[in-house]
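What follows is a set of notes on a single structure, which appears directly below.
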Amino acid sequence: MNFDSLNLFTLPTRVYFGYNSINYVGKVVKEFSLNKVLIVTDKGVRSAGVIDPLTHSLEVLGLAYEVFDDVPEDPGSQVVNDGVELLKQKGCNGVIIIGGGSPLCAGKGIALVASNGGSISNYEGNEKYKVSPLPMIAIPTTAGSGSEVSPSFIISDESRNNYKMTITGYKCFPNVAILDPLLLRSLPARQFIISGIDALTHAIEATCTNQATSLTDAIAYEAIRLMMKNMATAAYTDNLNSKSDQLYASTIANIACGNAKLGLVHAMSNPLGSYHIPHGLANGILLPYVMDYNYPVCKYQYAWIAEVIGITKPQMNLEEKATAAIDAIKELFININFPQCFTEDMVPKAVIPTMARIAMGRPQIKFNIRKASENDIIQIYERAFHGWN
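Residue numbers (our numbering): 5 to 393.
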């Protein structure tokens, strides 16, 4: 044990997990003594009827609500402003967020600005607010971002070419997360896959940072095991056990990376958001290339991945196990038809140097277990345009 270091593990969010757990939301709202809540979602989730059990749970207890469903993919500061305006106009004093990563980010921003005033850009960074956000209940409808148990969220700044602002702080954790696997049944397979790879990236990166501990490793490896086993079945079939395991895994993956931090994949995926590449897609494409880069210092971590997913043999040495883990990730990508590389249609290759400079300024850089130079990042981006065998 290193007595010169201090490790902190935090999870203030209360989590309810189980089939039909969304029916419990009304009781939670009543417990927080909220007069009226703003339900933050997107039009796809609302039109699919996913919020119906939620509103029913409120109505049977006579609880008032207003729905804000104008959240687009990669929400910007204007969406947050619109949500805050509606919240104040309708007299809401709490926020329920239901949806994927975009509504979860927007909802957190709305809750924060509603209690602090100003613009969301005023709170970019860590602990920049003075007042706690309004009470938040987070209900994920994808098994991906894990934002329901995270204090961090990302909002695009339209005034800076959709630069992705990261806002975080201890009081930005949702008060309650409700995980209902039945809400995943209407999620299209492609979105399920992109969200799932995002969650897998969270878990793998959590094992390869300088903040990882035995506790975060245990959580991360269990998340990896579950996702490698269930992702394809959960996405392409109506197997509720697989969907349940995938949802659970995505949440604990964020618990792991929320404490162990993230690394090079997330630093490099951030500038790709300016080109409207979905966050999970950008993370997934980068993941095998960053794993290759980190290989010299992450052999032990990768070997453990191979162990927990059951692909090792007694005669294999450390290097062989580590290589097998990377190969297993690539094989998964092939099996689920996940893109292996970026194309010029997605992002111009000419902007690689600019993206590398931005990535070097991202906070995740300092947590990656292998220190990367700007030139290293350029080379990884370039490989991510060529593809892997």
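Glycine is no exception: its CB is placed at the ideal position from the N, C-alpha and C atoms. All of these numbers come straight from a predicted model, not from anything done at the bench.
Proximity below 8 Å, CB of residue i to CB of residue j
i: Thr145; j: Ile102; result: yes
i: Ala2; j: Ala216; result: For the chain, the structure presents residues 5 to 393; residue 2 sits outside this window and is missing.
i: Asp380; j: Ile330; result: no
i: Val312; j: Tyr225; result: yes
i: Ser136; j: Lys168; result: no
i: Ala286; j: Ser278; result: no
i: Leu183; j: Tyr304; result: no
i: Ala310; j: Ala328; result: yes
i: Asn263; j: Thr205; result: no
i: Asp161; j: Pro107; result: no
i: Thr255; j: Glu152; result: yes
i: Asn185; j: Lys247; result: A small fix is needed here, since residue 185 is Pro in this sequence, not Asn. Result yes, Cβ atoms of Pro185 and Lys247 sit closer than 8 Å.
i: Arg189; j: Asp242; result: yes
i: Phe36; j: Pro139; result: yes
i: Asn97; j: Lys34; result: no
i: Val49; j: Gly87; result: no
i: Ile159; j: Ile124; result: yes
i: Ala222; j: Ala193; result: no
i: Ile289; j: Val351; result: no
i: Ile315; j: Ala236; result: no
i: Leu42; j: Leu116; result: no
i: Cys345; j: Ala376; result: no
i: Gly104; j: His283; result: no
i: Gly173; j: Asn130; result: yes
i: Thr17; j: Pro178; result: yes
i: Tyr299; j: Ala326; result: yes
i: Lys94; j: Glu70; result: yes
Cβ distance (whole Å) where residue i is taken to contact residue j below 8 Å
i: Ala181; j: Ala142; result: 5 Å
i: Asn258; j: Gly111; result: That pair is no contact at about 16 Å.
i: Glu128; j: Ile171; result: 6 Å
i: Thr213; j: Ile369; result: Not really, about 11 Å apart at Cβ, beyond 8 Å.
i: Met359; j: Pro292; result: Contact doesn't hold; Cβ gap of about 18 Å is too wide.
i: Ile382; j: Pro357; result: 6 Å
i: Val84; j: Gly113; result: 4 Å
i: Lys132; j: Asn126; result: 7 Å
i: Cys109; j: Pro79; result: 6 Å
i: Met232; j: Leu65; result: Not really, about 41 Å apart at Cβ, beyond 8 Å.
i: Trp392; j: Lys317; result: So it is not a contact: roughly 23 Å between Cβ atoms.
Beta-bridge pairing of residue i - partner residues as DSSP gives them
i: Phe21; result: Leu183
i: Ile142; result: Before going further, note that residue 142 is Ala rather than Ile in the sequence given. Per DSSP, Ile101 and Ala181.
i: Ile43; result: Val71 and Ile100
i: Ser160; result: Gly80 and Lys168
i: Asn372; result: Thr213
i: Asn130; result: Thr172
is_contact[residue i, chain C] using C-beta, thresh 8 Å
i: Ile259; result: Looking at the structure shown, chain C is missing, and only one protein chain is on hand.
Tell me, please, whether the stretch 266 to 285 touches the stretch 363 to 380 by the rule of three or more beta-carbon pairs shorter than 8 Å. yes
Which runs of the alpha helix (DSSP H) at least 4 residues long sit entirely within the stretch 227 to 302? Give them in chain order. 244 to 264 and 268 to 273
Is it the case that the stretch 48 to 68 contacts the stretch 16 to 32, given that we only count it when at least three CB pairs across the two stretches are under 8 Å? yes
Sequence ranges, beta strand (DSSP E) only - wholly within the stretch 330 to 359, length at least 3: As summarised for the stretch 330 to 359, there are no continuous beta strand (DSSP E) elements at least 3 residues long confined to that stretch.
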